[in-house]
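Counting from 1, position 312 in the sequence shown corresponds to residue 319 in my numbering; the numbering is continuous, with no gaps.
Glycine included, each C-beta is placed from N, C-alpha and C at the ideal position.
Values in this document were obtained by computation on a predicted structure and should not be read as measured data.
Presented below is the structure to which this report refers.
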Amino acid sequence: MARRKTTKANTAVDNGKAFLTTLRELSVEKGIDEEVLFEAIEAALISAYKRNFGSAQNVRVTLSRETGQYHVYAIKTVVEDPEDEITEISLAQAQTIRPDYEIGDVIEIEVTPANFGRIAAQTAKQVVVQRIREAERGIIYEEFSSRESDIITGLVQRIENRNVFIDLGKTEAVLTPAEQIPGEAYQHGDRIKAYIVEVKKTNKGPQIVVSRTHPGLLKRLFELEVPEIQEGIVEIKSVAREPGHRSKIAVYSKDESVDPVGSCVGHRGMRVQAIVDELGSEKIDIVKWNENSAKFIANALSPAKVVSVAVNEDEKVSRVVVPDYQLSLAIGKEGQNARLAAKLTGWKIDIKSETQAAGEELDAGMSEVEVTSDESFTSEGE
8 MARRKTTKAN
18 TAVDNGKAFL
28 TTLRELSVEK
38 GIDEEVLFEA
48 IEAALISAYK
58 RNFGSAQNVR
68 VTLSRETGQY
78 HVYAIKTVVE
88 DPEDEITEIS
98 LAQAQTIRPD
108 YEIGDVIEIE
118 VTPANFGRIA
128 AQTAKQVVVQ
138 RIREAERGII
148 YEEFSSRESD
158 IITGLVQRIE
168 NRNVFIDLGK
178 TEAVLTPAEQ
188 IPGEAYQHGD
198 RIKAYIVEVK
208 KTNKGPQIVV
218 SRTHPGLLKR
228 LFELEVPEIQ
238 EGIVEIKSVA
248 REPGHRSKIA
258 VYSKDESVDP
268 VGSCVGHRGM
278 RVQAIVDELG
288 SEKIDIVKWN
298 ENSAKFIANA
308 LSPAKVVSVA
318 VNEDEKVSRV
328 VVPDYQLSLA
338 IGKEGQNARL
348 AAKLTGWKID
358 IKSETQAAGE
368 ELDAGMSEVE
378 VTSDESFTSE
388 GE
């Protein structure tokens with residue numbers, strides 16, 4: 008039985024085809040256009056050739072898409088009498104290659120070095136690895152930049168200088184001290200939810216900055232927990248937070264038969280309790296939004312009961328009157344309830360007890376109406 012003779016040419020062809028197969032498999036696996044890889048390898052081979060065989064030469068490298076073989080061509084201009092043999096060739100010499108060459112023609116002469124294979128293989132490998140890394144970073148950046156203002160769930164990977172790094176699988180996010188809920192402790196392996204504030208492009212890949220304090224986190228958590236919000240029946244109109252302490256959320260139902268507050272609370276408070284647990288026992292007030300400014304302001308001051316509200320629509324200023332025994336509740340501890348209500352409504356709110364308001368004249372431009380607060384909900388919280 009005759010043995011098959013293996014030649015260098017056969018080996019080169021086999022290696023070339025194996026290289027093409029590997030390149031195309033990587034292209035599919037990593038989601039990179041194979042032509043991008045081919046062009047990057049060709050550009051890198053030009054640099055490698057110049058570095059090793061002649062930096063002054065003007066060359067072109069081709070990588071066959073069919074065989075995986077590469078060829079190096081020197082680019083020269085046809086002249087009568089060459090002054091620079093690296094970039095020029097005489098007419099007489101050019102016509103020995105092809106008789107119809109004329110002065111001014113630009114021709115290519117193959118100059119592939121015999122020992123260029125090892126350099127080419129090493130260069131191609133480096134380029135492929137680099138392009139795959141760049142492509143993977145690009146894919147991750149696109150994936151997460153499109154998710155800005157969304158929630159991610161990850162595991163606490165490590166803590167460095169009070170920065171918490173969260174493992175997201177393909178990459179990691181950073182939770183800076185300013186974005187952490189006051190008093191919240193983080194341990195390696197903890198599973199936490201956070202709000203994507205920003206995705207930055209860096210030389211080391213995308214940097215994903217997340218927050219546990221952003222009002223958007225509370226909004227997104229309700230969207231996850233409440234089917235009526237997902238379906239568009241209940242709408243979150245505004246959110247105000249003092250992270251780790253208390254939040255207020257104003258909701259509205261497009262369907263009169265659906266109670267927006269009850270939908271957010273859930274059966275036996277299960278929906279809102281899941282959010283309270285996620286936020287470390289942050290107290291949450293759920294109030295009903297109303298297009299009537301006075302009514303909305305009264306609701307926003309929940310759990311306090313309001314007697315009347317006077318408003319100046321032009322200046323967004325209001326005066327609220329509450330029963331004497333409700334004054335401290337309306338203002339809240341260190342003014343927190345009043346402060347959150349102002350953030351929630353976008354109005355400046357001046358709170359008076361009935362005794363304080365008695366005999367006081369309203370500021371110019373204000374009109375006072377008696378109001379009754381709609382039913383609201385306040386979680387147990389801390």
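Counting along the chain, the unbroken alpha helix (DSSP H) around D284 starts and ends at 277-285.
Counting the other CB atoms within 10 Å of its CB gives H195 a total below 16, which places it among the exposed residues. Of the candidates E90, A305, K340, A305 places its Cα closest to the Cα of S383. Rounded to whole angstroms, the gap between the alpha carbons of E149 and T178 is 13 Å.
Between I158 and K37, the C-beta spacing is not below 9 Å. In chain order, Q214 place their CB closer than 6 Å to the CB of K207, counting only its own chain and leaving out the 5 sequence neighbours on each side. I173 is the residue among R144, I173, S270 whose C-alpha sits nearest the C-alpha of V217. Boundaries of the beta strand (DSSP E) harbouring Q214: 212-218, taken from the DSSP string.
A contact is defined here as three or more CB-CB pairs under 8 Å, and the segment 220-232 meets this definition with respect to the segment 254-272. Shown here, Y259 sits in a strand according to DSSP, grouped into three states.
At least 9 Å separates the beta-carbon of L33 from that of V134.
Taking all protein chains shown into account, K295 has 16 or more neighbouring C-beta atoms within 10 Å of its C-beta and is therefore buried. A direct Cα-to-Cα measurement between I203 and S156 gives close to 5 Å.
Looking at the DSSP output, H78 bridges to T69. One alpha carbon belongs to R154, the other to I291, and they sit about 26 Å apart. R278 sits buried, since 16 or more C-beta atoms from the chains shown fall within 10 Å of its C-beta. Positions of the alpha helix (DSSP H) runs, each at least 4 residues long and wholly inside the segment 180-239, are given as 222-232, 234-237 in order along the chain. Note that the C-beta distance between R31 and E41 is below 9 Å.
Per DSSP, the beta bridge partners of K290 are R253.
About 11 Å separates the beta carbon of L336 from that of S360, a gap too long to meet the 8 Å contact definition. Look at A301 here: in three-state DSSP terms it is helix.
By the neighbour-count definition (other C-beta atoms within 10 Å, threshold 16), H221 is a buried residue.
Rounded to the nearest whole angstrom, the C-alpha separation of A201 and G223 is 10 Å. Beta-bridge partners of K83 (DSSP): I114.
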